[in-house]
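First to last, the sequence lines map onto chains U and Z.
Each residue of the first sequence is one higher than the one before, starting from 418 at the first, in the working numbering.
Each residue of the second sequence is one higher than the one before, starting from 14 at the first, in the working numbering.
Positions of the beta carbon are idealized from the N, C-alpha and C atoms, including for glycine.
Below you'll find the structure, written out as structure tokens, and then a few comments.
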Amino acid sequence: MQPSPRWLLALPLLLAFALGGCADDSGSGGGVQSVKLSTIRGRDKLVCGVDGKLPGFSFLGPDGTYSGLDADTCRAVAAAVLGDPSKVEYRDLNSSERFAALASGEVDMLARNTTMTLSRDSAGGNGISFGPTTFYDGQGVMVPVASGARTLKDLDGKPICVESGTTTELNLADRMREQGITYTPLKFQTGDQTYAAYLGGRCVAVTSDRSQLAAKRSSFPKPDEHILLPEVMSKEPLTPASVNGDPAWADALRWTVFALFQAEELGITKANVAAKVAEAKANTNLADLRRFLGVEGDFGKQLGLPADFVPKTIAAVGNYGEIFERNVGAGSPLKLERAENRLWTQGGLIYSPPFR
Amino acid sequence: MPWILQAVVGLALLLVIALLVGNLVRNLTAAGLLLSWRWLGQPASFDVAESLIPFDASMPYWRALLVGLVNSLRVILVGLVGATLLGTAMGMASFSSNGLLRRLARVYVEVIRNIPLLLQLLFWYFVVFLALPNGTAAFQLPGIVLSKSGLYLAWFAQGFSWQGPELVNGVWRAPLRLSVEFTALLTGLITYTGAFVAEVVRGGIASVPKGQWEAATSLGLHWSASMRSVVLPQALRVIVPGLNSQYISLAKNSSLAVAVGYVDLYSVSETTLNQTGRALEVFLLLLGSYLIIDLLISAVMNGVNQLVQIRER
Chain U
418 MQPSPRWLLA LPLLLAFALG GCADDSGSGG GVQSVKLSTI RGRDKLVCGV DGKLPGFSFL
478 GPDGTYSGLD ADTCRAVAAA VLGDPSKVEY RDLNSSERFA ALASGEVDML ARNTTMTLSR
538 DSAGGNGISF GPTTFYDGQG VMVPVASGAR TLKDLDGKPI CVESGTTTEL NLADRMREQG
598 ITYTPLKFQT GDQTYAAYLG GRCVAVTSDR SQLAAKRSSF PKPDEHILLP EVMSKEPLTP
658 ASVNGDPAWA DALRWTVFAL FQAEELGITK ANVAAKVAEA KANTNLADLR RFLGVEGDFG
718 KQLGLPADFV PKTIAAVGNY GEIFERNVGA GSPLKLERAE NRLWTQGGLI YSPPFR
Chain Z
14 MPWILQAVVG LALLLVIALL VGNLVRNLTA AGLLLSWRWL GQPASFDVAE SLIPFDASMP
74 YWRALLVGLV NSLRVILVGL VGATLLGTAM GMASFSSNGL LRRLARVYVE VIRNIPLLLQ
134 LLFWYFVVFL ALPNGTAAFQ LPGIVLSKSG LYLAWFAQGF SWQGPELVNG VWRAPLRLSV
194 EFTALLTGLI TYTGAFVAEV VRGGIASVPK GQWEAATSLG LHWSASMRSV VLPQALRVIV
254 PGLNSQYISL AKNSSLAVAV GYVDLYSVSE TTLNQTGRAL EVFLLLLGSY LIIDLLISAV
314 MNGVNQLVQI RER
């Protein structure tokens, strides 16, 4: 008599797993329905991947709340989809984790200083679906004033600190190669380690997006002792993203961000949005405003969002200009210039396609 | 009918594997991510801080990964030797007749073994090595200079002339320079693994019957001679299998290098993954590399184990 093989009992379980796995995702057929949108509604929470350690963009404050331009982008989307900006679960991700977290569905979207590039966007690369750019940036280099370095050439033969897994790493290599400058790249996995090594004097310079350098500098013990070199080494369009393969969800994200731009262009603010809605309801001649605010037409429905997603979003976080000023502009410790992040009507790059 | 049972189980297992692989391929196809290795030949276009083989940004990804592998092997090999020397010394010291030495060995083992390795690496790098002075203020011993930018050692220069570190225009130069990242990682790996090796060695020595010590002493052998000629050869039978797993741990732990800025295989893979998006391929290469390294260590240690076993005549 053969002793009963107890581990055989585990087989049906294993089978159930594999089969269950199949049955599970065979339901993800295409069409107008969005799996992601129903998932988000089902759990009544938007899971948003952020940096979490970058003042002005996404920063976990001592009171346990996130602040910043990226954090507000998450809030805007939560307000549009769920009608409540507080229904966001933030997930801190470092630059190496972010794409895997997005691809695996651990987060619904990224609002995390991510540069839109061809290889990240394409199906043959990271296969990411990018929304509209929320911050136009460029890569810069920060050095201690005391180092005496004033241009890239002064860094010849020196170690430079950089966060690994970023476009920064590649731009640095390209620019230095062009100009024939030798250097040693010291790569660290997280921003914390990168800036700790810089402050520890291991490298003479640290490179990243200029906004990020300014943000990190604001948290240094002595911010005045560090300067940004004048060279801008690259274009860095920082852009929220979702995973490829759910166009309806990508559209909802895209047009929520556009709504922030459009609201600024139309002069709709957090303070006056209620009045604007009332005005649009009262006056049938204001067709553009009525459509934008969801009083007329079915824009919300077309996106799989509530009809009034625009006023809800603006009431929650304000328009793009308000978000910018509050987090990184004049009203913040960073005091960054609006520069190319002004509206197109003022010579900037911020532009929303028509809501029609 | 045991063979029917075996056949059924075998078939079921194959079915499960087929289902899982099928599922994987289907999901990858849906995501447009079928396995491809063409990217290995494309230019890496990123730089590395240190490399034993020539490398620049115009070379392909496979070359960058090779640089990482060589750097990993370098820290693993030096680490294995260092951890063995330190661990053996500490393990033997815990049997010393000198009470101070004995206690020192115990304190070392208990402190180091109970702190996570990652913390120790960050400590060595950020707290100890980055606090070192630079230039003329660097720590100097005959033939050795230790500064924030690295460890400079005397070594054979051209021909067979012995050459020490020298200061040229405020910058140290030496025939052998170890980056501070490598030195910090190595220090962390050696001290950490050394503590475990010390325990393995101590256990091995303790397993030798007391009578053997007494017999050696009655022959008029000193402590060190008894240890060397009588006790250690017998203890090795117990020590070697234990060492094997410590060596394998050290090899795997070397992948924590990325925390202290050393360009090892994992660090290069991470950059490659981020630039190419080929997560599955990069991880397959990583898994394969570490598996091969560990199997090699095991094979060598099993050979050593055969040598030290009792041979019946």
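Straight across, the Cα-Cα distance linking Z/Gln55 with Z/Ala150 is about 44 Å. Counting only runs of 3 or more residues that sit fully inside the region 604-677 of chain U, the beta strand (DSSP E) segments are 622-626, 643-645, 653-655 and 658-660, in chain order. Put simply, the CB of U/Pro602 is near chain Z, with a gap under 8 Å to one of its CB atoms. From the beta-carbon of U/Leu587, the residues of chain Z found nearer than 8 Å are Ser58, Phe59 and Gln288. From the beta-carbon of Z/Lys161, the residues of chain U found nearer than 9 Å are Gly617, Gly618 and Arg619. For the region 522-544 of chain U, the beta-carbon criterion of a distance under 8 Å to any beta-carbon of chain Z is satisfied by Ser536, Arg537, Ala540, Gly541, Gly542, Asn543 and Gly544. Secondary-structure assignment with DSSP links U/Cys465 through a beta bridge to U/Tyr507 and U/Met526. Residue pairing by DSSP places U/Lys470 opposite U/Phe476 in a beta bridge. Per the C-alpha coordinates, the member of U/Tyr483, U/Leu645, U/Cys491 and U/Pro502 positioned closest to U/Ala563 is U/Leu645.
A direct Cα-Cα distance of roughly 38 Å separates Z/Pro246 from Z/Tyr138. Within 7 Å of the CB of Z/Gly274, the CB atoms of chain U belong to Leu603, Lys604, Phe605 and Ala614, in sequence order along the chain.
Z/Leu132: not part of any beta strand (DSSP E); member of the alpha helix (DSSP H) spanning Leu130 to Leu135, first to last residue.
Flagged as an interface residue toward chain Z: U/Ala517, by a C-beta distance shorter than 8 Å. Neighbours of U/Arg594 in chain Z, taken as residues whose beta carbon is under 9 Å from its own, are Ser58, Asp60, Asp69, Ala70 and Ser71 in chain order.
U/Pro561 is bridged by DSSP to U/His643. When 7 Å is used as the limit between beta carbons, Z/Ala292 is near these residues of chain U: Ala517, in chain order. Non-local beta-carbon contacts of Z/Asn84 in its own chain, meaning distances under 6 Å to residues more than five positions away in sequence, involve Val276 and Asp277 in chain order. With contact defined as three or more Cβ pairs closer than 8 Å, the region 630-647 of chain U and the region 574-581 of chain U are not in contact. Against chain U, a Cβ distance below 9 Å from Z/Val251 picks out nothing, because the smallest value is about 33 Å.
The alpha carbon of U/Asp461 has as its nearest neighbour, out of U/Leu499, U/Arg492 and U/Pro479, the alpha carbon of U/Leu499. By the neighbour-count definition (other C-beta atoms within 10 Å, threshold 16), Z/Arg324 is an exposed residue. Taking 8 Å as the CB threshold, Z/Thr284 lines the interface with chain U. The beta carbon of U/Asp591 sits closer than 8 Å to some beta carbon of chain Z. Taking a C-beta cut-off of 8 Å against chain Z, the contacting residues of the region 495-519 of chain U are Ser512, Ser513, Phe516 and Ala517, listed in chain order. Within the same chain, Cβ atoms closer than 7 Å to the Cβ of Z/Trp175 are found at Ala167 and Phe169, the five residues on either side in sequence being excluded. Chain Z has a Cβ within less than 8 Å of the Cβ of U/Gly582. Assigned with DSSP and collapsed to three states, Z/Gln176 falls in strand. At least one beta carbon of chain U lies nearer than 8 Å to the beta carbon of Z/Leu143. Residues of the region 220-242 of chain Z with a C-beta less than 9 Å from any C-beta of chain U: none at all. DSSP places U/Arg592 in the helix class (H, G or I) of the three-state scheme.
Between Z/Tyr260 and Z/Leu93 the beta-carbon gap is near 6 Å, inside 8 Å, which marks them as a contact. Taking the Cα of Z/Tyr165 as reference, the smallest distance to any Cα among Z/Pro155, Z/Trp50, Z/Gln319 and Z/Leu65 is reached at Z/Pro155. In the same chain as U/Ala680, and ignoring 5 residues on each side of it, the C-beta atoms closer than 6 Å to its own belong to Ile731 and Asn736, in chain order.
Taking 8 Å as the threshold, the shortest C-beta distance from Z/Phe136 to chain U does not fall below it.
If you compare the alpha carbons of U/Ala697, U/Thr601 and U/Pro479 with that of U/Pro728, the shortest gap goes to U/Ala697. A check of alpha carbon separations from U/Lys504 across U/Thr482, U/Gly522 and U/Leu510 identifies U/Thr482 as the nearest.
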